[in-house]
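Heads up: the sequence shown runs through residues 0 to 632, numbered per numbering that gives the first Met the number 0.
A virtual CB, placed ideally from N, CA and C, is assigned to each residue, including glycine.
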Amino acid sequence: MTGTYRALHERSLRDPEGFWSEAAEGIHWYRKWDTVLDDSRAPVYRWFSGGQLNTCYNALDRHIEQGRGEQAAVIYDSPVTGTVQTYTYAALRERVARFAGALVRQGVTKGDRVILYLPMVPEAVVAMLACARIGAIHSVVFGGFAPHELAARIDDATPKVIVSASCGIEPSRVVPYKPLLDKALTLSRHQPSACIILQRPQLAASLVRGRDVSWSEALEGAEPADCVPVEATDPLYILYTSGTTGQPKGIVRDNGGHAVALHWSMKNIYGVAPGEVYWAASDVGWVVGHSYIVYAPLLNGSTTVLYEGKPVGTPDAGAFWRVVAQHGVRVMFTAPTALRAIKRDDPQGELLAKHDVSKLRTLFLAGERCDPDTLRWGEARLQRPVIDHWWQTETGWAIAANPMGVEPLPVKVGSPTVEMPGYDVRIFDPEGHEPDPGTIGSIVVKLPLPPGCLPTLWHAEARYVSAYLSAFPGYYLTGDAGYKDADGYLFIMSRIDDIINVAGHRLSTGAMEEVLASHPDVAECAVLGAADTLKGEVPVGFIVLKAGVRRPHEDIVKEVVQLVRDRIGPVAAFKTAAVVPRLPKTRSGKILRGTMKKIADGSEYKTPATIDDEAVLGEIAEVLRGIGYARKA
C-alpha cells in the first residue's frame, strides 16, 4: 500500500463527520443536515439528521438537469423473452413520474409502504424509483416467493398497495405469480387497498374486482408526480432477510446515508465514471439488486444493465460474456456461484472466446466466499482483475474490498482485501479479545457503522440491538468468522455457525472447501459439520464435478480426502465426501449449509423460503443416507 488508501481509511475513522460530509457534497440536498453523525441514542446511530433530499431526484432528475437526459440509464436484456430495450434518463423519469402519479391516485403518500413482488423487468426499477419519488417506502419481495413467506412480509410491512406481475419467466417454464399473491392475501391479516398487476404477454392473470387493477389501467389519466423532499433519516426501503426465529427481519435503509455511501462507492470502489456501463448480474429481490442494479449506478449517472436470465442455460455458459460484449460493460459484479457455474459448463473458456469483452476492466465478486480456484480461473480466462469483496444485506455496500478507484491493491487470493472507509473491522475470540494475526475469530465492526448501513429493523429496534449489537457491546456482530493477516488483509472463512468443533479443535469449513475446490475435476463444493458421538462433529464434503469429467467418482473422492489431509492435517478428520449433481442454494447463490447439516443430523428442518429448487434437498438426503447420515434420531 502506498498510503493513499491507508490515509483515506484512517481519516474516515478519525474524522467521520468531516469525511462523510465531504462525500455528501456529491448529492443534491433540499436542506443540509444539522448533524452529520447523531449519537444521541447510541448504540443506535443516525446520519445526516435534519437533512432533506429525494433519492429519485438524485438518481434521475439531477442528471437530466445537467444535460444527460438522452444518455442510456437502463439497458433491459432478457434472453428468456428475446427482448433488449434501452431507456434514457429522460424516458425513465417520464415512466417513473407517471407511475408515481398512479400510486398517488391509489392513495399512497409519504411514509406508506408498497410491496413489490416482481420479476426482472423494467417496471420493477420504475416502481422502486416511483416509491422513492413520493416518499413511500418500498419493500421488494423476490418474485415467486412462497405465499406464506409473502404473507409474513405483508403483515409486517402493512403495505397500502402491492405491485406484482402475472408471471415470471424461467429458462424452462413460466411461473404464475398472481395465484401465489392471491394465496398470500388469504393468509395475511393485513389487506392492501389495491394490487397493481403487470400483465405480461406470456401469461394473463385474472384480476379480483374492486381490489386489482392492471398496470396499464393504473397509468390511464395519472398525472406525473414531482419529487417529495424527505428526511435523510426517513426509510427509503425495507428489505426482509430470514430470521433465526422464523420471523423475517426487515432491514431498514434510510435515504440520506444510503445515497451518500452508494454514490461514493461507485467511483472509489468500482472505479466507474458517469456514462459508463455497469452491470450487477443479480436480482432486484436481493440487496445487490437494490444497491447496484438500481440505486448506485443511477446515483452515479452511469448506465445499468437489467438482465432477466441465468449465467448458464439462457442459452449457454457464454450468456454473461455476450451481454458484456453487446452492451460494452466496463465493470461487472456477480456472485462466485455464477462464475463457478460458468466454469463448470465451459472449463476451457471456449464460449468466452467467442465474445469481444475488451471493454471490460474489472469483474467483482460477492455474495458468498470466493474460493481461490474460481478466482484464478476468472483471472486466467478474462486476463483482467477479478476482485472479491465482502458485504451483507445489513450493510448495503462493501465492508471490505479492493478500492479500484482510489488505489488498486495487490490481490491476495482468498481475501476480499481490506476494510473500506467508515468500517473499523476487528477479530474477536469468544471472550472479546483480539487474537494474533492469522487466528480465526468472530468478525465485528466497531460502532458507529458508516452511512448506508442499517440504522435499525422495521418496528423492531430492540431486536436490532439484541441480534447485532449485544454480543460485544460497542460493536456490530457480522455473524461471519475469519481472520486478518499481518498486512491487515481480511479473510472471510465461513459463517460463525459453520466453524465446527472436531474433538475440541475449532476448524473452518471454508478452509476445507478451499482445498476441495483446488482439485482439477471439482466445479463447486460444500463442507458441513455432521454430528458425531465420538468427536462431536466431523466434516462431510459434497462436490459437483466439472462438465465432461468421466473418471470414477470413488477415485476423485479418495483424492480430495487426501488433499485435505495433506493441506490441513489429520486433525480435520476429513474422511467422507460424496459426488452430487448439484448443491442446494438460495436464489442469490448462497449454499444452504445449515439446512444440509440438519438433514445430515436427522433433525427437523424448514425448507428455506429463498431456496432455488426444493427438489435438490431430497437428492442431498438420499446421498447422505447412502454414506450413513440423515437417519432420524
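In this structure, the straight-line span from the alpha carbon of residue 486 to that of residue 309 is close to 38 Å. The criterion of a C-beta distance shorter than 8 Å is satisfied by residue 439 and residue 480. Of the residues 382, 529, 277 and 57, the one whose Cα lies closest to the Cα of residue 602 is 529. In this structure residue 270 does not touch residue 281 by the C-beta definition: roughly 19 Å separates them, more than the 8 Å allowed. Sixteen is the threshold: when 16 or more other Cβ atoms of the shown chains lie within 10 Å of the Cβ of residue 307, as they do, the residue is buried.
Here residue 496 is actually not in contact with residue 431; their C-beta atoms are around 19 Å apart, not less than 8 Å. Our two residues, residue 300 and residue 272, have alpha carbons roughly 8 Å apart in a direct line. Judged by pairs of C-beta atoms under 8 Å, the stretch 20-39 does not touch the stretch 2-10, as fewer than three such pairs exist.
For a cut-off of 8 Å, the C-beta gap from residue 56 to residue 72 is around 14 Å, too long to register as a contact.
When DSSP reads this structure, residue 166 sits in a beta bridge with 175.
According to DSSP, residue pairing for residue 132 in a beta bridge does not occur. Under the three-pair Cβ rule at 8 Å, the stretch 504-513 does not count as touching the stretch 449-466. The Cβ atoms of residue 164 and residue 136 lie no closer than 8 Å to each other. Bounds of the beta strand (DSSP E) holding residue 500 are 498-501. The DSSP-derived three-state label of residue 521 is strand.
Runs of the alpha helix (DSSP H) spanning 4 or more residues and lying entirely within the stretch 219-298 occur at 254-267 and 295-298, in chain order.
With a threshold of 16 other beta carbon atoms within 10 Å, residue 568 falls short and is exposed.
DSSP places residue 349 outside both helix and strand once states are collapsed to three, so it counts as coil. When 419, 626, 239 and 552 are compared, the shortest CA-CA separation from residue 445 is found for 419. The way I'd put it, the stretch 360-375 doesn't touch the stretch 257-267; fewer than three beta-carbon pairs between them come closer than 8 Å. When 37, 319, 374 and 386 are compared, the shortest CA-CA separation from residue 355 is found for 319.
The straight-line gap separating the alpha-carbon atoms of residue 260 and residue 251 is approximately 15 Å.
Within the DSSP secondary-structure output, residue 84 pairs in a beta bridge with 75.
Here residue 457 is near residue 249, since their CB atoms are less than 8 Å apart. In the DSSP annotation of this structure, the continuous segment of the beta strand (DSSP E) that includes residue 537 starts and ends at 535-544.
Taking 3 residues as the minimum length, the beta strand (DSSP E) runs contained wholly in the stretch 393-447 are 424-427 and 440-445, in order along the chain.
Fully contained in the stretch 462-516 are the following alpha helix (DSSP H) runs of length 4 or more, in chain order: 508-516. Non-local C-beta neighbours of residue 477 in its own chain, meaning closer than 7 Å and more than five positions away in sequence, comprise 391, 442, 443 and 444, ordered along the chain. Secondary structure of residue 332 (DSSP, three-state): strand. The three-state secondary structure of residue 602, taken from DSSP, is coil.
In this structure, the CA atom of residue 158 is about 6 Å from the CA atom of residue 191. Just measuring C-alpha positions, the residue of 247, 193 and 172 sitting nearest residue 107 is 193.
Counting only runs that start and end inside the stretch 557-605, the alpha helix (DSSP H) elements of at least 4 residues fall at 592-599. In the structure shown, the three-state DSSP call for residue 315 is coil. Taking a contact as a CB-CB distance under 8 Å, the pair residue 474 and residue 550 does not count as one, their CB atoms being some 48 Å apart. Cβ-Cβ distances below 6 Å link residue 316 to 341, 344, 345 and 350 in the same chain, with the five nearest sequence neighbours on each side left out; the list follows chain order.
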